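Residue numbers (the working numbering), protein chains in the order written: chain A, 53 to 262; chain D, 53 to 262.
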């Protein structure tokens with residue numbers, strides 16, 4: 053297997069944290085998005101839609117979509133489980149993973165992609181009003197998220213899961229999106245601080261905001 | 053169990069088609085979005101974020117997110133499998149389900165939510181530029197999708213899966229979003245026509261565009 057990945061992007065980072073939590077090491081190739089390497093022929097042959105990351109399987113088939121890649125590794129290496137071990141746990145983790153993905157990560161990414169000068173050549177057209185419309189969505193979600201975290205150690209219950217990974221990466225991504233995490237959200241701060249102590253998260257943290 | 057659902061909305065329809073494909077019948081309660089019943093106290097107590105559908109489990113816990121609900125039923129009633137029976141099949145189905153969800157359903161929904169007069173009081177603020185930016189995204193995705201469908205009967209390979217359900221609902225949703233399906237996309241038309249013959253899809257089709 054070969055993982056095509058890149059630095060400084062939230063989806064590749066989700067897969068990398070996931071692999072470190074599992075203790076899985078696989079060969080990887082770095083694609084430099086800053087130099088638009090993902091648009092060049094080598095990577096376009098791997099993934100025509102030019103998104104990251106991609107996992108090339110041993111028979112040459114290509115698997116994309118971060119969560120599809122994570123699920124594949126969950127089946128290959130079930131321990132420690134990051135998608136849940138009982139039917140009920142799996143349902144709760146899937147629910148929270150998706151809530152954080154659609155409600156937070158996507159909203160933060162929309163602010164970043166539609167307001168940051170770096171994205172002007174990538175996200176065409178940038179729609180500043182869409183960035184503006186997503187700021188209150190992020191704020192509202194975080195307020196709700198803060199209440200949820202008041203009485204639990206992890207996003208989806210008593211154990212660390214893939215839902216925490218999506219949450220961590222979404223909140224990290226607020227920096228380049230230039231969104232401040234309100235100090236009043238004490239439960240989010242507590243949880244995010246604890247997540248930041250995990251070795252899987254401490255490696256290759258995203259750089260300061262550009 | 054009790055399923056809170058509503059007519060004319062793509063996510064509830066995904067779950068309903070899924071249940072019919074499985075032959076599962078469960079009690080359901082209809083919430084009238086047109087009358088804003090989802091914002092009233094009864095439903096807000098079930099789901100504070102007021103999204104549809106929600107599944108109330110026998111112990112009172114509430115499961116939301118269409119795909120989390122579908123996965124839960126897949127575990128309860130494994131046959132016929134709609135998420136795949138081998139590791140590789142599950143990975144491909146998950147990949148395509150997500151591609152259709154993020155690349156097509158979300159883009160069509162963005163056009164609808166940000167351009168249709170009916171949504172002016174629901175999606176605040178409506179961002180017309182965002183609707184406009186999503187039209188070419190829908191077009192580009194469908195062109196790619198047409199090539200994919202050229203040599204396969206179903207979205208994720210040789211068998212019907214949850215990825216087909218997301219695709220069908222996304223294309224149905226183009227009508228209220230006022231997006232025309234280009235007649236040149238012959239493989240998409242063929243596939244969509246075949247899907248429309250399935251009893252699970254024929255029941256309660258969405259109404260003509262408002």
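All C-beta atoms, glycine included, are put in the ideal place defined by N, C-alpha and C.
Predicted, not measured: the structure shown is a model, and the values here were computed from it.
Residues of the segment 177-188 of chain D that bring their beta carbon within less than 7 Å of a beta carbon in chain A comprise 177, 179, 181, 182 and 185, in sequence order. Residue 239/A sits in a helix when the DSSP states are folded into three classes. Residue 196/A: member of the alpha helix (DSSP H) spanning 180-201, first to last residue. If you check the CB distance, residue 57/A and residue 105/A come in under 7 Å. Between the alpha carbons of residue 226/D and residue 179/D lies a distance of about 18 Å.
According to the DSSP assignment, residue 218/D belongs to the alpha helix (DSSP H) that extends over 214-224. The residue among 148/A, 169/A and 250/A with its C-alpha nearest the C-alpha of residue 207/A is 148/A.
Under the DSSP definition of a beta bridge, residue 81/D partners with 56/D. Interface criterion not met: the Cβ of residue 95/D is under 7 Å from no Cβ in chain A. For a Cβ distance threshold of 7 Å, residue set 143, 146, 147 and 150 of chain A lies close to residue 120/D, ordered along the chain. Where residue 106/A is concerned, the enclosing beta strand (DSSP E) starts and stops at 106-108.
Listed in chain order, the positions of the segment 224-237 of chain D with a beta carbon within less than 8 Å of a beta carbon of chain A would be empty, since no residue qualifies. Counting C-beta pairs with one atom in each stretch, the segment 62-69 of chain A and the segment 113-123 of chain A have three or more that are closer than 8 Å, which means they touch.
Within a 10 Å sphere around the beta-carbon of residue 155/A sit 16 or more other beta-carbons, which makes this residue buried. Against residue 91/D, chain A offers no close residue; the least beta-carbon distance is about 15 Å (beta-carbon pairs closer than 9 Å).
Sequence-distant partners of residue 62/A (beyond 5 residues in either direction) whose C-beta falls short of 6 Å from its own C-beta, in its chain, are 221 and 225. DSSP links residue 114/A through a beta bridge to 108/A. Here residue 135/D carries a coil assignment [DSSP, helix/strand/coil]. Residue 76/D has its alpha-carbon roughly 50 Å from the corresponding atom of residue 86/A.
Below 8 Å, enough C-beta pairs join the segment 185-203 of chain D and the segment 233-249 of chain D to call them touching: three or more. Under the 7 Å criterion on CB atoms, residue 116/A is classed as interfacial with respect to chain D. The beta-bridge partner set that DSSP reports for residue 209/A consists of 206/A. If you look at residue 171/D, you'll find it isn't in any alpha helix (DSSP H); DSSP assigns it neither H nor E.
Residues of chain A with a Cβ closer than 7 Å to the Cβ of residue 131/D do not exist, since the nearest Cβ in that chain sits about 16 Å away.
For residue 109/D, the closest C-alpha among the options 201/D, 214/D and 78/D is that of 78/D. In this structure, the beta-carbon distance from residue 144/D to residue 219/D does not fall below 7 Å.
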